[in-house]
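Chemist: These protein sequence lines map, in sequence, to chains A and B. With this note's numbering applied, the first sequence corresponds to residues 1 to 265, in that order. With this note's numbering applied, the second sequence corresponds to residues 266 to 546, in that order. For each residue, glycine too, the CB sits at the ideal point set by N, CA and C. Fair warning: this is a prediction, and the values are worked out from it, not measured in the lab.
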Amino acid sequence: MAPPLVHLRGASVGYDQHPVLHEVDFRLDAGEAVAVMGPNGAGKSTLIRGILGLAEVLAGSVELFGVPRTRFRAWHRLGYVPQTHSMVSGIPSTVREVVGSGRLSRKRIARPFSTADRRAVEAAIDTVRLSDLARHPVATLSGGQQRRVLIARALAGEPEVLVLDEPTAGVDAGSRTVLAETLTRLVAGGTTILFVTHELNEMGPVITRTVVIEHGRVSHDGAPIEVGHGSVTSLGGADCEHLDPHGAGPEPYSGLRLSTGVEGR
Amino acid sequence: MDLLSYDFMQRALIASLLVGLTAPTVGVYLVQRRLALIGDGLGHVALAGVAIGVLTSQAPVLTALAFAAVGALAIELIRARGPTSGDVALAILFYGGIAGGVVIISQAPGGTPGNLNAFLFGAITTTTGSDIAVFAMLCGLVLVVTLGLSRYLFAVSNDEEFAVASGLPVLRLNLLLVLVTAMTVVVSMRVIGLLLISALMILPIASAQLVASSFRQTFAIGIGIGVTVSVSGVVVSFYADTPSGGTIVLLAIGVFAVVALARAVLTAVLRRRGASLTAGR
Chain A
1 MAPPLVHLRG
11 ASVGYDQHPV
21 LHEVDFRLDA
31 GEAVAVMGPN
41 GAGKSTLIRG
51 ILGLAEVLAG
61 SVELFGVPRT
71 RFRAWHRLGY
81 VPQTHSMVSG
91 IPSTVREVVG
101 SGRLSRKRIA
111 RPFSTADRRA
121 VEAAIDTVRL
131 SDLARHPVAT
141 LSGGQQRRVL
151 IARALAGEPE
161 VLVLDEPTAG
171 VDAGSRTVLA
181 ETLTRLVAGG
191 TTILFVTHEL
201 NEMGPVITRT
211 VVIEHGRVSH
221 DGAPIEVGHG
231 SVTSLGGADC
241 EHLDPHGAGP
251 EPYSGLRLST
261 GVEGR
Chain B
266 MDLLSYDFMQ
276 RALIASLLVG
286 LTAPTVGVYL
296 VQRRLALIGD
306 GLGHVALAGV
316 AIGVLTSQAP
326 VLTALAFAAV
336 GALAIELIRA
346 RGPTSGDVAL
356 AILFYGGIAG
366 GVVIISQAPG
376 GTPGNLNAFL
386 FGAITTTTGS
396 DIAVFAMLCG
406 LVLVVTLGLS
416 RYLFAVSNDE
426 EFAVASGLPV
436 LRLNLLLVLV
446 TAMTVVVSMR
456 VIGLLLISAL
466 MILPIASAQL
476 VASSFRQTFA
486 IGIGIGVTVS
496 VSGVVVSFYA
506 DTPSGGTIVL
516 LAIGVFAVVA
526 LARAVLTAVL
536 RRRGASLTAG
546 R
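Structure representation (structure tokens):
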């Protein structure tokens, strides 16, 4: 049996020796699309930063593709889409230039780009429907288009797992729809997705599992939240109630209802 | 041309060409990383090296290179791993370097801080033949790094966190960048001066980014402006009998002002034309 793509066991993750996440167990298997949700400051982003080597693992273990994170070298297998990126200030850079930097995880240092590399960059730009804007400066694009540039940059390395931090935050409804369509196509194509979000909205149909983090601990790990006829909606609906699989959870997060599925894998 | 009949002018022009070429290729990454003033800090540290060279009768270019390189590595390691912020580390470099330089030069026979003026602000008569050989070698190394690793340096300067998550050797690339910054500072010490080199790293890039639409364009235009103002600054300095460093930097500021003004006027004209077209519909 193949190891999980990402596996945290009793992992405490934080910064400067201060844990933000406490003794978290989490696994991500191939083909999943997992949404990590929770209130501000709960530790959602710290979870993915711990996976990506951007936060310290203070206790427990983090394994990537069956390899301890400290010994993991195949970083091209993970594609990261950060929450924010300042593209307005600084040196002008085109969509193609920014996306090209995502291909470097597959390269040995100082090797020139091959035809295959250029094709992968163009394919990534095409995946997020920005081919027409490939030569445009990123700073001139809308917020939603800039977010798609970051997704394309992550895709340029042809990752098996795409890790996104708040991909829809601050993005207009039209761009959210495009983002959801892009992620749906990626999942259908076999890419595993892990993303942090406050609200599902258009992303709802994409996800296969929800993990809720509150006060640095996982309070739910199971089926997506369902309301109505199998559709997935945002947390925070007025008619929702908190459900804690561990029985004695911390304060409720925005009134959460989990209507179906198996919790607490 | 009169000025080419002088050996010192030939050397000064070669040195200005080298520094005009290299400074913007380093500056483009420093501007991107918002470390525009690191060249200033390294210039101050190099000053202490110059003073050591004068005191020990060694070639000041080489002692300045040693000091600037060590200072560069120290500041990057402090920035990346130390408890002190980059700003504080820069301040320590600024003041420690210039204080050390002034104190050390005062111990040299007949030494006064005034002896450092040519190194601080540049002078066209001071470039020696051996300086040119060292500058050419350093210039070559800087260009190998800034051109050969341009995609990597761009990636790290553009988004360091993403570069870390991509498994790129971020610390080594950053150390390399500050090392070539130190080399560029040393290449500048004859015609531009250690206190003014930062301007030639930053201003051509600042001008270029006003008109460029890509990183590659910014890079190319920045080099063009750097070479133009550097070489023409030395020529003006010869005829006008002015310090070369100050002349070059004023020319670079002039180019920036002209480009910024032209861009503002063009933007206003285009906006007005767009508004009249909209009103006419």
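For PRO19(A), report the span of its beta strand (DSSP E) as first-last.
Modeler: Residues 18 to 28.
Chemist: Assign MET466(B) to one of three DSSP states: helix, strand, or coil.
Modeler: If DSSP states are grouped into helix, strand and coil, MET466(B) belongs with the helices.
Chemist: Considering only their Cβ atoms, is the gap separating LEU403(B) from VAL335(B) smaller than 8 Å?
Modeler: No, the Cβ-Cβ distance between VAL335(B) and LEU403(B) is not below 8 Å.
Chemist: Taking GLN372(B) as the reference, which of TYR360(B), VAL326(B), VAL319(B) and ALA540(B) has the closest Cα?
Modeler: Nearest C-alpha to GLN372(B): VAL319(B).
Chemist: Would you report the Cα separation of LEU355(B) and LEU183(A), rounded to the nearest angstrom?
Modeler: If I take the Cα positions, the gap works out to 44 Å.
Chemist: By the 10 Å Cβ neighbour count, where 16 or more other Cβ atoms means buried, how is LEU461(B) classified, buried or exposed?
Modeler: Answer is buried; the Cβ neighbour count reaches 16.
Chemist: Between the C-alpha atoms of PRO4(A) and LEU28(A), what's the straight-line distance to the nearest angstrom?
Modeler: Approximately 6 Å between the Cα atoms of the pair.
Chemist: Since VAL98(A) meets chain B, which of its residues come closer than 8 Å, beta carbon to beta carbon?
Modeler: In chain order: ASN423.
Chemist: With a threshold of 8 Å between beta-carbons, can ALA110(A) be considered close to chain B, or not?
Modeler: Taking Cβ atoms only, chain B reaches closer than 8 Å to ALA110(A), which makes this a yes.
Chemist: Kindly indicate which residue of PHE332(B), LEU459(B) and GLU425(B) has the alpha-carbon position closest to the one of ALA388(B).
Modeler: Answer by Cα proximity: LEU459(B).
Chemist: Decide yes or no for the touch test of the segment 471 to 479 of chain B against the segment 327 to 343 of chain B: beta carbon pairs closer than 8 Å, at least 3 of them.
Modeler: They do not touch, by the three-pair rule.
Chemist: Go through the segment 162 to 219 of chain A residue by residue and report every complete run of the alpha helix (DSSP H) that reaches 4 residues or more, in order.
Modeler: If we require 4 residues or more, the alpha helix (DSSP H) runs fully inside the segment 162 to 219 of chain A come out as 173 to 188.
Chemist: Output needed in chain order: residues of the segment 294 to 311 of chain B with a Cβ under 7 Å from some Cβ in chain A.
Modeler: Listed by position along the chain: VAL296 and GLN297.
Chemist: Hey, out of LEU164(A), GLY174(A) and SER219(A), whose CA is closest to ILE207(A)'s CA?
Modeler: Measuring from the Cα of ILE207(A), the nearest candidate turns out to be LEU164(A).
Chemist: Does the beta carbon of SER478(B) come closer than 8 Å to any beta carbon on chain A?
Modeler: Answer yes: the Cβ-Cβ gap between SER478(B) and chain A drops below 8 Å somewhere.
Chemist: Could you work out which residue in ILE513(B), VAL476(B), THR287(B) and SER502(B) is closest to VAL530(B) when comparing CA atoms only?
Modeler: The shortest Cα separation from VAL530(B) among ILE513(B), VAL476(B), THR287(B) and SER502(B) belongs to VAL476(B).
Chemist: Along the segment 137 to 156 of chain A, what residues have a CB closer than 9 Å to any CB found in chain B?
Modeler: Against chain B - using a Cβ distance shorter than 9 Å - the residues of the segment 137 to 156 of chain A are PRO137, THR140, LEU150, ARG153 and ALA154.
Chemist: Buried or exposed: ASN439(B), going by 16 or more other Cβ atoms within 10 Å of its Cβ?
Modeler: ASN439(B) comes out buried.
Chemist: Work out the CA separation of THR191(A) and GLY90(A) for me, nearest whole Å.
Modeler: Those two C-alpha atoms are separated by around 33 Å.
Chemist: DSSP on LEU406(B), reduced to helix/strand/coil?
Modeler: Helix.
Chemist: Between SER114(A) and chain B, is the shortest Cβ-Cβ distance under 8 Å, so that the two count as touching?
Modeler: No, SER114(A) lies away from the interface with chain B (no Cβ there is under 8 Å from its Cβ).
Chemist: Rounded to the nearest angstrom, what separates ARG538(B) and ALA522(B) at their Cα positions?
Modeler: Each residue's alpha carbon lies about 24 Å from the other.
Chemist: Please state whether DSSP places ARG9(A) in a helix, a strand or coil.
Modeler: ARG9(A) falls in the strand class under three-state DSSP.
Chemist: In this structure, does DSSP put TYR271(B) in helix, strand or coil?
Modeler: Reduced to three states, the DSSP call for TYR271(B) is coil.
Chemist: Just tell me which of SER131(A), GLN83(A) and VAL187(A) has its CA closest to the CA of GLY170(A).
Modeler: Cα-wise, what sits closest to GLY170(A) is GLN83(A).
Chemist: Do we get a CB-CB distance below 8 Å when we pair TYR80(A) with the residues of chain B?
Modeler: Yes, TYR80(A) lies at the interface with chain B (some Cβ there is under 8 Å from its Cβ).
Chemist: Can you tell me which of the three DSSP states ALA59(A) falls into?
Modeler: Residue state, collapsed to three classes: strand.
Chemist: Measuring CA to CA, which of LEU468(B), VAL410(B), MET448(B) and THR321(B) is closest to VAL520(B)?
Modeler: Answer by Cα proximity: LEU468(B).
Chemist: Where does THR94(A) sit, in a helix, a strand or coil, going by DSSP?
Modeler: Reduced to three states, the DSSP call for THR94(A) is strand.
Chemist: Could you check if ASP172(A) is buried or exposed, using at least 16 other CB atoms within 10 Å of its CB as the buried criterion?
Modeler: Exposed.
Chemist: Hey, could you find the ends of the alpha helix (DSSP H) ALA139(A) is sitting in?
Modeler: Here ALA139(A) belongs to no alpha helix (DSSP H), and DSSP marks it neither H nor E.
Chemist: Nearest to ALA30(A) by alpha carbon, out of VAL62(A), SER219(A), VAL187(A) and VAL211(A)?
Modeler: Considering only alpha carbons, the answer is VAL187(A).
Chemist: Three or more C-beta pairs under 8 Å: does that hold for the segment 119 to 135 of chain A against the segment 95 to 105 of chain A?
Modeler: Yes: the two stretches touch, three or more of their Cβ pairs being nearer than 8 Å.
Chemist: Contact between the segment 128 to 138 of chain A and the segment 147 to 164 of chain A: three or more CB pairs below 8 Å?
Modeler: Yes, they touch.
Chemist: Is the CB of ILE91(A) under 8 Å away from at least one CB in chain B?
Modeler: True, the Cβ-Cβ gap to chain B drops below 8 Å.
Chemist: Sort ALA540(B), ASP352(B), ARG416(B) and SER453(B) by Cα distance to ILE397(B) and report the nearest one.
Modeler: Considering only alpha carbons, the answer is SER453(B).
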